[in-house]
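Protein chains in written order, with the working numbering: chain A, 1170 to 1445; chain B, 1170 to 1445.
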C-alpha cells in the first residue's frame, strides 16, 4: 500500500539510505529520488537500487509528495528553508534529526505539512556502505508535532513509521530534547571524554567492559558535534546532573563509605536491569 | 600435562568455578577441592563436576600444591593470612583479584610462593550458575610479581595461564593498579553514575548506545564496591582526569566552539578505533 507517491530523500547516509531501502521493499512509496552532497553516495545508492534517480539540484522537490531530510542536523534547517519555496502545497516534509526543538520550531513556520521525526535506529557506523534493511523494524520512532502540525500529515507519517515496523511515540519537541540529552547525548559525551582520558599505551589491556562502554565514541564527529551543539542547553544540564553523581562517588571513596557505595551500586544495577 | 597435583579453589564464583572447569578439562591439575562461603555454590560445583570435593574448613589447604584465592577482594587478604599458617612450604598460592598492590604486598610477606594474578575475563554476571568454559582462552592475564616473588612459582603460574589460552602480561602491582583504574574501574564508575543520573521514566526510550554504555552497571555491587575501594587512590586520580575532560566539554558547548568540539570527537574516535 503506497502512502506517498513521489518521494525525495535528501541525504543518503545510514538513515536516509536505509529508509529508501525499506520504503521500497515494503512498497510504501512510488518513485524515490536521492540527493546527496557526496556524489559518490548518491551514485552508489542508485546503483544498488536504494533510489531510482539521483539529483544534484534541490529543484527536484517540486513534484514530490514526501521529502525526507536526512542530512546532518546543521544542514536540515538550511535545506528545509530552501525547499519550502519549491515544494507543492500539500507536500509532506519530515526530518530525522536527533534534536528537535530548533528544527521543528523553524521549519513548521514555513512548511505547512512539516512533521519532525527521530527514528532511534542509528549506529556509530555511518555512510553509504552501511545501509541496512530492517533497522527500523522493532525500533522506536519519536514523532514531535507542535501546535502548527497538520493532523492529516501527522497521521500519514505515523502510518509510514508503523508500516516500517517502528513503535511510534509522540512527544513535544521540548520534551524530546530534554529526554534525549540524558539517554543519548550525555552517554555520547561520556564515551568521547572517557576515550580522551585513557592513555593510548593502556589500551592494549582493555577488556570487553571498556569496549562496550565506548562503542559510541566511534560515532561520526561531524554528525555528533552538530547534535551536541544543537541540544547544548539540555545537554549542559544533563552533564551537571552527572557531575553531581560523580562528586558523590569521590566523596564516598574518600570516606571509604562502603555502605553508601553499595547502595549507589545497587541502585544502578536495579535501574540497569530495567533497560534489558 | 599436570602442572600441579592437589589444588584448592577458595571461592567458586564465575572466575573460580570457570577456572576449575578449564583446569580439569585441560588436565593441568589433579584433584580439585572447592571451598565457598555459600554452601549452595560449592555443592552445585561438585554436582556439575567443577570440583571433586567440597570443603567447609580452610584446613583442607594442608596438602595442597596450589591454592587459588577467588573470593571477593576484601576477603582475599584475610583468607590469605589465615591459610599462610596451614599450607605446605612449597605450596603455590595465587589470587585473581582486580586490584593488586595491597594484596601482593601483604600476602607476599607471609606466603613464600605467592603470585598475584588478574585474569581479565570477568563479566557483569556472577555466581555459580554462570560458569563458562573457555573464558580464559584468548583473554589476557596480568601477573604482578614483586621483589619477593619466587621465580620458580612465577614460572609455573605463567605456564598455567598460558596453557589455559591466556596471553600473560607481567606488571608491577603498582603499575597494574594505575592502569586498571583507567581502563576498568573508571568505566565502571561512569556506568554506575550514568544509570543513577537518568530518570527511570526516560528508560523506555533508550537505544542500543545507552545499553552498551551501561552494560557493566549491572556488575555485582558487593564485588565492585570492594574493587573500587581497594584502588581508591588511583581511581580518584582517574576520576579527576575524567572530570577535566568533562569540564572542557562544557566549556566548548557554552562557547559553541564547533571547531574544537570536532577535534575532541575526532581524537576520541581515532583512539576508539584502536580498541577494535
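No residue lacks a Cβ here, since even glycine has one placed at the ideal position from N, Cα and C.
Exercise. Can you give me the Cβ contacts of residue 1411(B) inside the same chain, cut-off strictly under 8 Å, excluding the 5 residues immediately before and after it?
Key: Only residues of its own chain outside the window of five on either side were considered, and among them 1355, 1359 have a CB closer than 8 Å to the CB of residue 1411(B), listed in chain order.
Quiz item: From the beta carbon of residue 1437(B), is the nearest beta carbon of chain A less than 7 Å away?
Solution: Chain A, which has a Cβ nearer than 7 Å to the Cβ of residue 1437(B), makes this yes.
Exercise. Determine, using beta carbons only, whether residue 1434(A) and residue 1394(B) come nearer to each other than 7 Å.
Key: In contact: residue 1434(A) and residue 1394(B) (Cβ atoms closer than 7 Å).
Practice problem: Can you pull the chain E residues whose beta carbon is under 8 Å from the beta carbon of residue 1264(B), in chain order? | Solution: Protein chains in the displayed structure are A and B, and chain E is not among them.
Quiz item: Does the distance from the CB of residue 1203(A) to the CB of residue 1187(A) come in under 7 Å?
Solution: Their beta carbons are not under 7 Å apart, which means residue 1203(A) does not touch residue 1187(A) by this criterion.
Practice problem: Please name the residue in 1211(B), 1199(B), 1190(B), 1191(B) whose C-alpha comes closest to that of residue 1179(B). | Solution: Answer by Cα proximity: 1211(B).
Self-check item: C-alpha distance - residue 1384(A) paired with residue 1290(A), whole-angstrom precision
Solution: Those two C-alpha atoms are separated by around 15 Å.
Self-check item: chain A residues whose Cβ lies nearer than 7 Å to that of residue 1387(B)
Solution: Those are 1438, 1441, 1442, listed as they occur along chain A.
Quiz item: Name the chain A residues that come within less than 8 Å of residue 1270(B), Cβ to Cβ?
Solution: In chain order: nothing, as chain A lies at least about 16 Å away.
Exercise. Return the bridge partner residues of residue 1337(A) from the DSSP annotation.
Key: Looking at the DSSP output, residue 1337(A) bridges to 1310(A).
Quiz prompt | Proximal chain B residues relative to residue 1369(A), where beta-carbon distance stays under 9 Å | solution = By Cβ distance, chain B contributes 1440, 1443.
Exercise. Can you say whether residue 1297(A) is buried or exposed, counting buried as having 16 or more other CB atoms within 10 angstroms of its CB?
Key: Any reading at residue 1297(A) needs caution, since the residue's pLDDT is 48, under 50, leaving its predicted position unreliable; the model's value is listed next. The residue in question, residue 1297(A), is buried, as its Cβ has 16 or more Cβ neighbours within 10 Å.
Quiz item: Excluding sequence positions up to five away, which residues of its chain have a Cβ less than 6 Å from the Cβ of residue 1344(A)?
Solution: Contacts found: none.
Quiz prompt | residue 1410(A), DSSP secondary structure in three states | solution = In the three-state reduction of the DSSP assignment, residue 1410(A) falls in the helix class, which pools H, G and I.
Self-check item: Secondary structure, alpha helix (DSSP H): runs of 4+ residues fully inside the stretch 1221-1254 of chain A
Solution: Counting only runs of 4 or more, we get 1242-1252.
Quiz item: Mapping DSSP to helix, strand and coil, what is residue 1281(B)?
Solution: Of the three classes helix, strand and coil, the one that applies to residue 1281(B) here is coil, per DSSP.
Quiz item: Nearest to residue 1183(B) by CA position, among 1303(B), 1221(B), 1415(B), 1250(B), is which residue?
Solution: The residue with the shortest Cα to Cα distance from residue 1183(B) is 1303(B).
Exercise. For residue 1258(A), collect the residues of the same chain with a Cβ closer than 8 Å to its Cβ; drop the 5 residues on either side in sequence, then sort them by chain order.
Key: So the list reads 1281, once near-sequence residues are dropped.
Quiz prompt | Cβ shell of residue 1227(A) (< 8 Å), same chain only, five flanking positions each side left out | solution = 1179, 1204, 1248, 1251, 1252, 1255.
Quiz item: Can you list, in chain order, the stretches of the alpha helix (DSSP H) that have 4 or more residues and sit fully within the stretch 1315-1385 of chain A?
Solution: Runs of alpha helix (DSSP H) with 4 or more residues, each lying fully within the stretch 1315-1385 of chain A, are found at 1320-1332, 1342-1349, 1355-1366, 1377-1382, listed in chain order.
Exercise. Measure the C-alpha to C-alpha separation of residue 1352(A) and residue 1408(A) and round it to an integer number of angstroms.
Key: Between residue 1352(A) and residue 1408(A), the C-alpha separation is close to 12 Å.
Practice problem: Give the interface partners of residue 1275(B) over in chain A, defined as CB-CB distance under 8 Å, in chain order. | Solution: Close to residue 1275(B), with beta-carbon spacing below 8 Å, lies no residue of chain A; the smallest spacing is near 17 Å.
Exercise. Reducing DSSP to helix, strand and coil, say where residue 1211(A) ends up.
Key: Reduced to three states, the DSSP call for residue 1211(A) is helix.
Quiz item: Roughly how many angstroms lie between the CA atoms of residue 1324(B) and residue 1330(B), to the nearest whole one?
Solution: Each residue's Cα considered, the two are about 10 Å apart.
Quiz item: Quick one: what does DSSP say residue 1218(A) is sitting in, helix, strand or coil?
Solution: Residue 1218(A): coil per DSSP, three-state reduction.
Quiz item: For residue 1173(A), which residues from the same chain have a beta carbon less than 8 Å from its beta carbon, with the 5 sequence-adjacent residues on both sides left out?
Solution: For residue 1173(A), the CB contacts under 8 Å within the same chain, skipping 5 residues up- and downstream, are 1197, 1198, 1199, 1234, 1235, 1261, 1325, 1329 in chain order.
Exercise. Please classify residue 1273(B): does DSSP put it in a helix, a strand, or coil?
Key: Reduced to three states, the DSSP call for residue 1273(B) is helix.
Quiz prompt | residue 1184(B), enclosing alpha helix (DSSP H) - first and last residue | solution = 1183-1194 is the span of the alpha helix (DSSP H), which, as asked, contains residue 1184(B).
Quiz item: Using DSSP with H/G/I as helix, E/B as strand and the rest coil, what is residue 1176(B)?
Solution: Here residue 1176(B) sits in strand by DSSP.
Quiz item: Closer than 9 Å, Cβ to any Cβ of chain B: which residues of the stretch 1220-1232 of chain A, in chain order?
Solution: Answer set for the stretch 1220-1232 of chain A: empty.
Self-check item: Cutoff 8 Å; reference residue 1171(A); Cβ partners in own chain excluding five residues on either side
Solution: For residue 1171(A), same chain residues with a beta-carbon under 8 Å away, outside a window of 5 residues either side, are 1196, 1197, 1198, 1199 in chain order.
Self-check item: Proximity of residue 1284(A) and residue 1322(A) at Cβ, strictly below 7 Å
Solution: For residue 1284(A) and residue 1322(A), yes; Cβs fall inside 7 Å.
Quiz prompt | N- and C-terminal bounds of the beta strand (DSSP E) containing residue 1392(B) | solution = No beta strand (DSSP E) holds residue 1392(B); the alpha helix (DSSP H) holding it covers 1390-1399.
Quiz item: For residue 1272(A), which residues from the same chain have a beta carbon less than 7 Å from its beta carbon, with the 5 sequence-adjacent residues on both sides left out?
Solution: The beta carbon of residue 1272(A) is closer than 7 Å to those of 1245, 1246, 1264, 1266, 1285 in its chain, skipping five residues each way along the sequence.
Quiz prompt | Selected residue, minimal CA-CA separation from residue 1357(A), among 1341(A), 1373(A), 1386(A), 1338(A) | solution = The residue from 1341(A), 1373(A), 1386(A), 1338(A) with its alpha-carbon nearest to that of residue 1357(A) is 1386(A).
Practice problem: For residue 1263(A), name the three-state secondary structure that DSSP assigns. | Solution: Looking at residue 1263(A) - three-state DSSP - the assignment turns out to be strand.
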